[in-house]
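Protein chains in written order, with the numbering used here: chain E, 1 to 304; chain D, 1001 to 1238.
In this text, a Cβ means the ideal position worked out from N, Cα and C, and glycines have one as well.
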Amino acid sequence: MAYALQQLINGVTLGMIYGLIAVGYTMVYGIIGMINFAHGDIFMVGAFLSMISLLGLAAFGITSVPLALALTLIFAAAIASLYGWTVERLAYRPLRGSFRLAPLISAIGMSIVLQTFVQVSQGARVKPMEALLPGGVQLMDQGGFAVQLSWMQVAIVITTLVVLAVFTWLVTRTSLGRSMRACEQDLKMAGLLGIDTDRTISLTFVIGAALAAVAGLMFLLYYGVIDFYIGFVAGVKAFTAAVLGGIGSLPGAVIGGLLIGLIEVFWSAYFSVQYKDVAAFSILVIVLIFMPTGILGRADVEKV
Amino acid sequence: MSLLRLSGVTAFYGAIQALRGVDLEVNEGEIVTLIGANGAGKSTLMMTVCGQPQARDGAIIYDGEDITRLPTHAIMRKRIAQSPEGRRIFPRMTVYENLQMGAEVAGNVDFAALLEQVFSLFPRLKERVHQRGGTLSGGEQQMLSIGRALMSRPRLLLLDEPSLGLAPLVVRQIFGAIRELNRSTGLTVLLVEQNAFQALRLADRGYVLVNGGITMAGKGAELLARPEIRAAYLEGAH
C-alpha cells in the first residue's frame, strides 16, 4: 500500500513532465498535421538553458531558490521559444504546400542539428547538478517503508498545474487561442477571415517550445543529470503520450502523459526497470488496436 | 465607381487552368451574380479574389487599389468577406465563437451591435448560440456562414452558393436577407449560384462563366430573357 502510494507520487510527477512535452506535439499536429520530431530536442535545449541559467544565477549570488527558479523558468522558456520559432521558420515553413513527408524529413534533420549543436557546444558528457530543493515530507511509514513526497515533486506538480492552467486559459479564452483553434479546424477558412495563418502557426511553435522548456527545467530538477541525448527518449515517450491521449487533443496529451508516466513507474517498481519502455509502448499498441484515435481523439467525420 | 474590377485574370491549380482572362466589374452597392455549370470556375474566381490561389496574370483592383499580389489575410482585412463553398463552419466551435472569428478583423468595435444585426437577420442562430457549429443543420450552417462573414462589417460580400442543398423556404429566407442588407446598408454582393433563375432575379447584373471564361454579361432581367441562357441554365430549374 505504502509502496504503491510512493509509486503513484513518482508516476504523477514524471507524467506531468511528459504531458508538458506532449502538448507541444499535439498542438503542432492539430494545426499543420505534421509530427515535429525536433520537439524533443527543444525540450533538451530547454533543460540545458535551465542549467546554464541556474549556474549563472548562482554565480551572480542569487541564492533565493524560488527567485532563481522563476527567473530560470522565464529565461529558458523565452530562449527555447526563439529556437522553436527559428526551427519552424527555417525548416518547415518553406516546405508548406509541398508533399506531406517533406516537413517530416526536415524535422528529423532539425532534431539531429539541435542534438549535434548541443553536443558540440556543451560537450558530450553527462552534466550533473546538485539538488536545488533537498528534503521533503514523510507522508506515512508502513513496516519500515517511508512514503516520501519531496519538495521537488511538489514544486514540479504545482508549476506544471499553473503552467497548464495559464495555457488552457490562453487557448479557450483569448483571441489568439481562438485563432489557433480556428487554424486547427480549417486553416484556409481562418485565412479567409483575415487571420494571418503563418503568424498563428509560428506562435503555436513558440508556445509549444515554451512548454517544452518548462518540462526541461522540471526534468533537470527531478533527475539532476542531463545530456544532449535526453530529448530523443523523452520526445518519443511524449509523442507516445500524445498519440495515446488522442493526437490533436490538448487534454488528451496531458492524460496520455500521466498514463505513460504511471505505467513506466509502476512497471519499474513491480516488474523490471529494463523493460519499462517495452511496457509503455506495448500498452500504446494495445490501446491503439481497440481505440485507433486514442483516448480523447476523434474520428475526422465532419458534416459537409 | 467600381468597387471590384478584374481584368484579364487567369488562375491555375497546378497545371490546370481554371480561369482564362476573366474581366468582371462590381460597382458599389450592386448585387452581381455569376452563373455557370459545375466546374466552370465560379468558386475559383471567388477564391482568386481572396488570393487563394493568387491570380497568375491580370489584375484585381479593389477600391482603387491593386490587391492581386496581397496575401489572403491582408485582402480580407480590407472589408472583403466571403461565405465560401461548403460553408466551412468551424465544427468544434460554438456558434458564438464562429461569429467572434468573423469579427476578428473588425477588432471588438461594434461587436454587440453586429451580433444583434446578425441575430435579427437569422433568429435561428440566436437560439443555437451555444451549440457547436458541427451540430447545426445544413441551413443553419449556411446562415452561420453568412452571419460570420457579416461580422467583419464588409463592404464587399462574396457569397458562394448560399442555396446549395437547402429547402426552398430557407433559400427564400436567405435571399430575402441578402436583398434586405443590400437595400438597408448598401452592401455590395458578388453572388455565385447554381440556381440561376433566382440569382438573376435578385441581381442587378449577371455574368455567365463557361470553362473559366466570361461568355455573356448583362442586366439580370436581360439575361433571364435570353433564349440561350434559358436553354442552358434554366430549363427544368423552376
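- At a C-beta separation below 7 Å, E:Leu296 has no neighbours in chain D, since its nearest C-beta there lies roughly 12 Å away.
- Within chain E, Leu192 have C-beta atoms less than 8 Å from the C-beta of D:Gln1082, given in sequence order.
- Residues of the stretch 1043–1077 of chain D whose Cβ lies closer than 9 Å to any Cβ of chain E, in chain order: Met1047, Cys1050, Gly1051, Gln1052, Pro1071, Thr1072, His1073, Ala1074, Ile1075, Met1076 and Arg1077.
- Residue-level contact check: D:Ser1184 does not touch chain E, since none of the beta carbons of chain E fall below 8 Å from its beta carbon.
- By the criterion of a C-beta distance shorter than 6 Å, D:His1130 is surrounded in its chain by Thr1094, once the five residues flanking it on both sides are discounted.
- In the three-state reduction of the DSSP assignment, D:Ala1018 falls in the strand class, which pools E and B.
- Burial is judged here by how many other beta carbons sit within 10 angstroms of a residue's own beta carbon; D:Asn1038 has fewer than 16 and is exposed.
- Chain-ordered, the chain E residues with CB closer than 8 Å to the CB of D:Met1093 read Arg178, Arg181, Ala182 and Gln185.
- Near chain E, meaning a CB-to-CB distance below 8 Å, the residues of the stretch 1140–1157 of chain D are Gln1141, Arg1148 and Ser1152.
- Within chain E, the residues whose beta carbon sits less than 9 Å from that of D:Glu1097 are Arg178, Arg181 and Ala182, listed in sequence order.
- In the three-state DSSP reduction, D:Glu1030 falls in the coil class, being neither helix nor strand.
- Counting only Cβ-Cβ distances below 8 Å, D:Phe1090 has contacts in chain E at Arg181, Ala182, Gln185, Asp186 and Met189, in chain order.
- Distance between E:Gly261 and D:Pro1091, taken at the CA atoms: about 33 Å.
- Per DSSP, E:Leu95 lies in no beta strand (DSSP E) segment and is marked neither H nor E.
- Sequence-ordered contacts of the stretch 1017–1037 of chain D with chain E are nonexistent [C-beta pairs closer than 9 Å].
- Interface flag for D:Val1118 against chain E is unset, since no Cβ pair is found closer than 8 Å.
- Neighbours of E:Asp196 in chain D, taken as residues whose beta carbon is under 7 Å from its own, are His1073 in chain order.
- Relative to D:Lys1219, the option among D:Glu1127, D:Ala1018, D:Glu1030 and D:Arg1056 whose CA is nearest is D:Glu1030.
- Under the 8 Å Cβ criterion, the stretch 1071–1085 of chain D does not count as touching the stretch 1125–1139 of chain D, having fewer than three qualifying pairs.
- When the Cα atoms are used, E:Thr160 and D:Gly1134 turn out to be separated by approximately 33 Å.
- Taking 8 Å as the threshold, the shortest C-beta distance from E:Ser175 to chain D falls below it.
- Comparing C-alpha distances from D:Ala1149 to each of E:Ala4, E:Gly194 and E:Phe228 shows the shortest one belongs to E:Gly194.
- Distance from the CA of E:Thr13 to the CA of D:Leu1169, rounded to the nearest whole angstrom, comes to 59 Å.
- Distance from the CA atom of E:Ala124 to the CA atom of E:Tyr222, rounded to whole angstroms, is 20 Å.
- According to the DSSP assignment, D:Thr1010 belongs to the beta strand (DSSP E) that extends over Ser1002 to Tyr1013.
- Counting only runs of 4 or more residues that sit fully inside the stretch 1139–1213 of chain D, the alpha helix (DSSP H) segments are 1168–1185 and 1196–1202, in chain order.
- Taking the Cα of D:Pro1162 as reference, the smallest distance to any Cα among D:Ala1232, D:Ala1196 and D:Leu1099 is reached at D:Ala1196.
- Judged by pairs of C-beta atoms under 8 Å, the stretch 29–42 of chain E touches the stretch 99–113 of chain E, as three or more such pairs exist.
- For E:Phe145, the closest alpha carbon among the candidates E:Tyr3, E:Phe290, E:Gly294 and E:Pro292 is that of E:Tyr3.
- If you draw a straight line from the Cα of D:Gly1102 to the Cα of D:Gln1142, it comes to about 14 Å.
- Here E:Phe60 is exposed. Its C-beta has fewer than 16 other C-beta atoms within 10 Å.
- The three-state secondary structure of E:Ser64, taken from DSSP, is coil.
- Distance between E:Val45 and E:Tyr229, taken at the CA atoms: about 10 Å.
- Taking C-alpha positions only, D:Lys1042 is separated from D:Leu1070 by approximately 21 Å.
- Taking 4 residues as the shortest admissible run, the stretch 169–246 of chain E contains the following complete alpha helix (DSSP H) segments, listed from N- to C-terminal end: 175–185, 187–192, 197–223 and 230–245.
- For E:Gln274, no alpha helix (DSSP H) segment is defined, and its DSSP state is neither H nor E.
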